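Each step along the sequence shown adds one to the number in the numbering used here, with nothing skipped, and position 4 is 4. Note that CB positions come from ideal geometry on N, CA and C, so glycine has one too. Keep in mind it's a predicted model, so treat the numbers as computed, not measured.
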Amino acid sequence: MKRRAQSKTSVASSTDFFSLSDKPSLGRRRALLAAKLKRQVQSTTSFDSSTGSYTYTDATSLRKTPITFSPSPEFMKTAKAKLKLIALYEDHKCLWNQRNKDFFNFELKDRIWDAIADEMKADSPSGFWKHMIHKLRYKVEMERIQEQGAKFSGESPQPKLFYSDKLLFLNHMFDREGGKPPREIVCL
């Protein structure tokens, strides 16, 4: 009796279930990127500069109307709010440490950002807090570049941001070669 070789007709992916005959395997990296892009299409956070409010819409949500979140300028200027956001961000290593096993687990990261948003202010979109942490990181990185420029030119450095010491856990992000401190810029 001859047995026919049975071929696999379907493969489970981290993004969805598909047949091998339908589309070729994307590989893990491309599948994760495709899943991330699909989520970005389904949910959006937009900023209205005239009103200073953020609008969050999610196609997968049961809500019919978008959530509008208007943070008060006083709330975001307080040191307490910025330090709390930095502390929450530091507690969740999968958000910033590329060597963490869950760094590419986008569903987990989305849940963590939602929890951070709820902790910071109820019914606030997570996209707003992501934007805030990126702004804080950018300002600290620019401060480091300005310090290096001041050392080179012999000028006195600008006063430090009060939260720059709290973001020292990100030092490895500024120098990708490992546990070395960030290198100084050398101009010839």
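Between the beta-carbon of K109 and that of Y163 there is about 22 Å, and that puts the pair past the 8 Å contact cut. The Cβ-Cβ distance between I116 and K166 does not fall below 8 Å. Counted as a single uninterrupted DSSP element, the stretch harbouring Y163 is not any alpha helix (DSSP H), since DSSP gives it neither H nor E. The beta carbon of K139 sits closer than 7 Å to the beta carbons of L161 from its chain, once the five residues preceding and following it are set aside; these are given in chain order. Non-local beta-carbon contacts of G149 in its own chain, meaning distances under 6 Å to residues more than five positions away in sequence, are absent.
Note that the C-beta distance between L168 and R137 is not below 8 Å. In this structure, the straight-line span from the alpha carbon of Q158 to that of T78 is close to 21 Å. In this structure W129 touches M120 by the C-beta definition: roughly 6 Å separates them, less than 8 Å. E147 sits in a helix when the DSSP states are folded into three classes.
For A81, the three-state secondary structure derived from DSSP is helix. In the same chain as S156, and ignoring 5 residues on each side of it, the C-beta atoms closer than 7 Å to its own belong to A150, in chain order.
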